[in-house]
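Working notes, structure below.
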Amino acid sequence: MTLLTRIFWLALRDLTLELRGRTGLLAAVFFLFTMLLILGLALGPNQDDLRKAAPGVLWVALAFAGSLLAGRAFGLEVEDNTLDDLLLVPGSREWLYYGKLLFQLLLLLIVGGALLFLTAGLFYLPLSALPGILVTLVLGSIGYASVSTFYAGMLARLRGREALLPLVLFPVVVPVVLASVKATASLVEGLPLGEVFNWWQLLLVFDVIYVTLCGLLFPYVLEG
Amino acid sequence: MSQTKPMNALTLGSLILGLLALGVGAFLAFTAPPDANQGHVYRIIFLHVPSAWVGLVALFIAVAYSVLYLATSKPHYDRVATAVIEVALLFLSLTLLSGMLWGRPTWGVYWTWEPRLTTFAILLVVYIGYFVVRSAIEDPELRAKASAAISILGAVNVPITYMSVKWWRSIHQTQTFDPTTGRSNFDPAMLPALLVNILAFSILFVAFVRVRSLLAEREAVRQEMSPQAG
């Protein structure tokens, strides 16, 4: 089995388990829904106000949901004592990180897609901006997932990891979230694509650096 | 059990030399010619730029120590990396403070949400987070690993902060020295004062880091001798 197929199988297995178990995904989506309703009620009902707040709302919600989902990356492995089996696979351990990263990314994109749908409806996002926001969503999610997977792996066996994970995660992902907010805001305001492109470029740079660095560092910080 | 080391000649020497250089730097800063547009207000640059430089370069030094720690797992490297970041945070706060004091007379406001200031604020948040994380994790090995990772990943922001004045339209003036063109945007008559101050800050930085690592080492030794006392 080549490394690439290994990565895909790991991600596929985790995604299947997650979709069958549903607790993590359902909790995240329901949390988001509640959050959007509260924010909509607090900031509305003026259409312009809501549209202006939408980029911030979208990314704050996704950042919170992402920290809820981050624990899922290694949560089941630790509960079922299967992490050691994975570590026994011969060869270097980077593939483990990339498999989990793919899984986290898919989870974030599923939740992010649902979130985008809800935000577009509740906060009057212009339809023409949606393709651009989708690109931003993908770029932002890659950056977010790369860091969250990394720290989830590092803290996997620690008691009280649920409390600690957001704490270590947020300082490092702040730049990604901010760049995503700015890109989304420029799209919603209908600024020329050149303006948005700068932010996409920055996001892409973050993604490449984070994904590479986290993959390189992962074998060193993983316990056992 | 390891022996506690006394403060050595290099630490003491750099501390004294740094303070002397700072004195010379201050003298040069106040005798440099006034700026054509800003008058005497510009003199804050002799505090602002050196502290920014030393603070930002220090973050890369911290990366080197963090990488060394992950590669060797020697607690010494973790202690030095933390000392470096602690001192860097001090210099970066000084940068922020002097920048705000400079912004008020030249831009009319202490703070504005423009690219350089925003990216700089993010940078500070990342490294304040570094210490929050350190205080939250009890297991020393995990603490060292987690903070090393923050130090390495956080340094990604340094070049972005540095280049932000070029990449986005910014109210902040461009870099004093532009590394991409190798050009200096600084009047030669004011240059000696700036260079001496940068030198003074660098020497002081080395001295502070050495003192801080020595303290950290002593704390670690004491913890080892009586684990309950820590």
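From first to last, the protein sequence lines stand for chains A and B.
According to our numbering, the residues represented by the first sequence are 50 to 273, in order.
According to our numbering, the residues represented by the second sequence are -18 to 211, in order.
The beta-carbon is built from N, C-alpha and C at its ideal position, and this holds for glycine as well.
Fair warning: this is a prediction, and the values are worked out from it, not measured in the lab.
For chain A, check one thing: does any of its Cβ atoms lie closer than 8 angstroms to the Cβ of residue i?
i, result
"residue 211 of chain B", "Confidence at residue 211 of chain B is low in this model, with a pLDDT of 47, below 50, so its placement is unreliable and no value can be given for it."
"residue 36 of chain B", "no"
"residue 118 of chain B", "yes"
"residue 43 of chain B", "no"
"residue -17 of chain B", "Residue placement at residue -17 of chain B is flagged as unreliable, the pLDDT there being 49, under the threshold of 50; a coordinate-derived value is accordingly withheld."
"residue 125 of chain B", "no"
"residue 106 of chain B", "yes"
"residue -3 of chain B", "no"
"residue 95 of chain B", "no"
"residue 146 of chain B", "no"
"residue 212 of chain B", "The question about residue 212 of chain B has no answer, for chain B in this structure spans -18 to 211."
"residue 39 of chain B", "no"
"residue 177 of chain B", "no"
"residue 49 of chain B", "no"
"residue 98 of chain B", "no"
Any beta-carbon of chain B closer than 8 angstroms to the one on residue i?
i, result
"residue 111 of chain A", "no"
"residue 191 of chain A", "no"
"residue 253 of chain A", "no"
"residue 270 of chain A", "yes"
"residue 196 of chain A", "yes"
"residue 207 of chain A", "yes"
"residue 261 of chain A", "no"
"residue 56 of chain A", "no"
"residue 199 of chain A", "yes"
"residue 203 of chain A", "yes"
"residue 182 of chain A", "no"
"residue 59 of chain A", "no"
"residue 132 of chain A", "no"
"residue 236 of chain A", "no"
Let me make sure I understand the geometry here. Which of the options has the alpha-carbon closest to that of residue i?
i, options, result
"residue 75 of chain B", "B:65, B:111, B:36", "B:36"
"residue 103 of chain B", "B:142, B:41, B:128", "B:142"
"residue 202 of chain A", "A:123, A:105, A:59", "A:123"
"residue -2 of chain B", "B:189, B:184, B:202, B:192", "B:184"
"residue 263 of chain A", "A:143, A:69, A:156", "A:143"
"residue 237 of chain A", "A:181, A:110, A:125", "A:181"
"residue 108 of chain B", "B:84, B:127, B:49", "B:127"
"residue 268 of chain A", "B:121, B:48, B:31", "B:48"
"residue 18 of chain B", "B:168, B:40, B:201", "B:168"
"residue 151 of chain A", "A:110, A:253, A:58", "A:58"
"residue 130 of chain B", "B:180, B:9, B:115", "B:115"
"residue 52 of chain A", "A:147, A:105, A:161", "A:147"
"residue 100 of chain B", "A:179, A:228, A:91", "A:228"
"residue 245 of chain A", "A:92, A:235, A:69, A:68", "A:235"
"residue 240 of chain A", "A:67, A:60, A:178, A:153", "A:178"
"residue 243 of chain A", "B:148, B:110, B:-11", "B:148"
"residue 34 of chain B", "B:20, B:73, B:55, B:59", "B:73"
"residue 9 of chain B", "B:69, B:26, B:77, B:177", "B:177"
"residue 104 of chain A", "A:186, A:261, A:257", "A:186"
"residue 55 of chain B", "B:132, B:195, B:121, B:137", "B:121"
"residue 181 of chain B", "B:-9, B:5, B:94", "B:5"
"residue 141 of chain A", "A:56, A:247, A:230, A:251", "A:56"
"residue 198 of chain A", "A:54, A:270, A:87, A:133", "A:270"
"residue 44 of chain B", "B:125, B:144, B:192", "B:125"
"residue 111 of chain A", "A:92, A:91, A:76", "A:76"
"residue 113 of chain B", "A:164, A:221, A:161", "A:221"
Look up residue i in the DSSP assignment and give the residues it is bridged to.
i, result
"residue 16 of chain B", "B:20"
Output, in chain order, the set of chain C residues within a Cβ distance shorter than 8 angstroms of residue i.
i, result
"residue 138 of chain B", "Absent from the structure is chain C; the protein chains it does hold are A and B."
ask   = What residues in the region 218 to 229 of chain A have a beta carbon less than 8 angstroms from any beta carbon of chain B?
value = 219, 220, 221, 223, 224, 227
Could you name the residues of the region 164 to 176 of chain A whose beta carbon sits closer than 8 angstroms to any beta carbon of chain B, in the order they occur along the chain? none
For the region 182 to 211 of chain B, enumerate the residues whose C-beta is nearer than 7 angstroms to any C-beta of chain A, in chain order.
none
Does the region 106 to 119 of chain A come close enough to the region 206 to 218 of chain A that 3 or more CB-CB pairs lie under 8 angstroms?
-> yes
**Report entry** Chain-ordered residues of the region 6 to 29 of chain B with a beta carbon less than 8 angstroms from chain A
**Finding:** none
Taking one C-beta from the region 88 to 108 of chain A and one from the region 173 to 191 of chain A each time, how about it: are there three or more such pairs within less than 8 angstroms?
-> yes
Taking Cβ-Cβ distances below 8 angstroms as the criterion, which residues of the region 62 to 82 of chain A are in contact with chain B?
-> none
Three or more C-beta pairs closer than 8 angstroms, one from the region 55 to 68 of chain B and one from the region 38 to 45 of chain B: is that the case here? yes
State whether the region 125 to 133 of chain A contacts the region 83 to 97 of chain A, with contact taken as three or more CB pairs (one from each stretch) at a distance under 8 angstroms. no
message = Contact between the region -6 to 8 of chain B and the region 163 to 172 of chain A is defined here as three or more beta-carbon pairs at a separation below 8 angstroms; is this criterion met?
response = no
| query | Contact between the region 152 to 159 of chain A and the region 188 to 196 of chain A: three or more CB pairs below 8 angstroms? | reply | yes
For the region 56 to 79 of chain B, which residues have a CB atom closer than 8 angstroms to at least one CB atom of chain A, in sequence order?
none
_Using 8 angstroms as the cut-off, can you tell me whether the region 8 to 25 of chain B makes contact with the region 171 to 181 of chain B, which would need three or more C-beta pairs spanning the two stretches below that distance?_
yes
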